[in-house]
Amino acid sequence: MIRVITGEPGTGKTTYVAEHKQPADVVLDWDALAYAIGSEVDDHHDTDHEATHIRLATHLWVQAWNLLMGPNGKFVNAWIIHADPAEWQWKRYRERGVTIVAMHEQKGTE
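Each residue of the sequence shown is one higher than the one before, counting from 161 in the working numbering.
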């Protein structure tokens, strides 16, 4: 099963995954990946963003799907932290029947 955790920064996506994942589960944090390859913007879909970063992140996203497909044709257990998927990514998520968990701002917290 693949779960995609979405939401604005600070809504608890990473904490939620840490509290719910099993030891053998795969965790992919696309926002952390974008920053790791040099993104310095919060909106990784920004049209002024460095094109090389976007191409690299897109390539990695596509390749991750190939790796998440197990040898028996079923997805491995994975958690994908993806704050703001692009429309084409939403389409792929829906096509693959992933479970979406939308995190919202928690009231009464900073």
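Cβ atoms here follow ideal geometry from the backbone N, Cα and C, with glycine treated the same way. Since the model is a prediction, treat every value here as computed from it, not as a measurement.
Evaluate Ala217 with the Cβ neighbour count: other Cβ atoms within 10 Å of its Cβ, from every protein chain shown; 16 or more gives buried, anything less gives exposed.
-> buried
8 Å contact criterion, which Val177 and Ile165 should meet: CB distance rounded = 6 Å
Whole-angstrom distance between Pro231 and Tyr195, CA atom to CA atom = 31 Å
Start and end residues, beta strand (DSSP E) containing Thr166 = Ile162 to Thr166
State the beta-bridge partners of Ile241 as determined by DSSP.
-> Ile165 and Asp189
Which term fits Pro245, buried or exposed, when burial requires 16 or more other beta carbons within 10 angstroms of its beta carbon?
-> buried
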